[in-house]
Amino acid sequence: MSKDNAAAAPGKKGGMKKPLIIALGAIILVGGGAGGAIYASQSGLIGGAKPDDPYADKPKLVIRADGGREATYFEIEKSFTSNLADADGFMQLSLGVATYYDSRVLDNIKRHEVPIRSAVLMTLADQSVDVIATPEGKKQLQKALKDTVNRVLQEKEGFGGVDDVYFTSFVIQ
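Position 30, counted from 1, in the sequence shown is what full-length UniProt numbering calls 30; the numbers after and before it change by one each time, with no gaps.
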């Protein structure tokens, strides 16, 4: 019997070590896998794929129920006062804009009001009293102001979106 006990004793000693090594290996593998998954998701290797649509972050057209486009209007609160290019007088006007896109265009106008005001004033200062005194001259000025506002928005946001500019007041002195 002593031979049986002697043979069984060394077997028990090694049996405890093996499950401990397996458990430790499993913990290391699970921890490494979790760490790798977190790294891959944070670095963009998995998940968070960009949409194929390059215009996904751009304003969208607003379509009415009857299929026509629906304009949204916004009046710039402060009026514009500028000297004229070829006269001692000045011009004072107030502007409203229209867009057929969603509210992001109007949000962009509000956010960039200072550079828009500056660009509009520069455009107004280049005007001749003889030109803007005529209806055709006022239409040309509207187009120039629309282009000016869209240029600033394009520079700042990557998208213009203003479809029309309207005069809500117009005085030449």
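Beta carbons: idealized from backbone N, C-alpha and C, even for Gly.
(message) Would MET91 and GLN127 be called neighbours here (beta carbons separated by less than 8 Å)?
(response) Here residue 91 corresponds to residue number 91 of the sequence shown, with the count starting at 1. Here residue 127 corresponds to residue number 127 of the sequence shown, with the count starting at 1. Yes, the Cβ-Cβ distance between MET91 and GLN127 is below 8 Å.
(message) If I measure Cβ to Cβ from ALA144 and keep anything under 6 Å in the same chain, skipping five residues before and after, which residues do I get?
(response) Here residue 144 refers to the residue found at position 144 when the sequence shown is read from its first residue. Counting only residues of its own chain and dropping the five nearest sequence neighbours on each side, ALA144 has a CB closer than 6 Å to the CB of THR123.
(request) Give me the Cα-Cα distance between ARG104 and GLY137, rounded to the nearest whole angstrom. (result) Translated into the one-based positions of the sequence shown, residue 104 becomes position 104. Translated into the one-based positions of the sequence shown, residue 137 becomes position 137. Those two C-alpha atoms are separated by around 31 Å.
(request) Please name the residue in ILE21, TYR39, HIS112 and VAL30 whose C-alpha comes closest to that of GLN154. (result) Here residue 154 corresponds to residue number 154 of the sequence shown, with the count starting at 1. The option with the nearest alpha carbon to GLN154 is HIS112.
(request) Excluding the 5 residues preceding and the 5 following ALA40 in the sequence, name in chain order all residues of the same chain whose CB lies nearer than 6 Å to its CB. (result) Indexing the sequence shown from 1 puts residue 40 at position 40. Around ALA40: ILE46.
(message) What does the alpha-carbon distance come out to for the pair ASN150 and TYR73?
(response) Taking the sequence shown and counting its residues from 1, one reaches residue 150 at position 150. Taking the sequence shown and counting its residues from 1, one reaches residue 73 at position 73. Cα atoms of ASN150 and TYR73: separation of roughly 15 Å, rounded to the nearest angstrom.
(request) Quick one: measure Cβ to Cβ for ALA34 and ALA71, integer angstroms, because I've assumed they're closer than 8 Å. (result) Here residue 34 corresponds to residue number 34 of the sequence shown, with the count starting at 1. Here residue 71 corresponds to residue number 71 of the sequence shown, with the count starting at 1. Not really, about 53 Å apart at Cβ, beyond 8 Å.
(message) Going by beta-carbon coordinates alone, are LEU93 and PHE170 separated by less than 8 Å?
(response) For the purposes of this step, residue 93 is identified with residue 93 of the sequence shown, where counting begins at 1. For the purposes of this step, residue 170 is identified with residue 170 of the sequence shown, where counting begins at 1. Contact annotation: LEU93 and PHE170 have beta-carbon atoms nearer than 8 Å.
(message) Once the 5 residues before and after LYS156 are set aside, which same chain residues still bring their CB inside 6 Å of it?
(response) If you number the sequence shown from 1, residue 156 lands on position 156. Taking C-beta separations shorter than 6 Å and ignoring five residues to either side along the sequence, the partners of LYS156 in its chain run HIS112, following chain order.
(message) Am I right that ALA125 and THR148 are in contact with their C-beta atoms under 8 Å? What's the rounded C-beta distance?
(response) Taking the first residue of the sequence shown as 1, we reach residue 125 at position 125. Taking the first residue of the sequence shown as 1, we reach residue 148 at position 148. Contact doesn't hold; Cβ gap of about 12 Å is too wide.
(request) Whole angstroms is fine: what's the gap from VAL162's alpha carbon to TYR101's? (result) Residue numbering aside, residue 162 sits at position 162 when the sequence shown is read from its first letter. Residue numbering aside, residue 101 sits at position 101 when the sequence shown is read from its first letter. Distance from the CA atom of VAL162 to the CA atom of TYR101, rounded to whole angstroms, is 8 Å.
(message) Just to confirm the assignment, what range does the alpha helix (DSSP H) spanning VAL129 have?
(response) Numbered from its first residue, the sequence shown carries residue 129 at position 129. Note, VAL129: alpha helix (DSSP H), 129-132.
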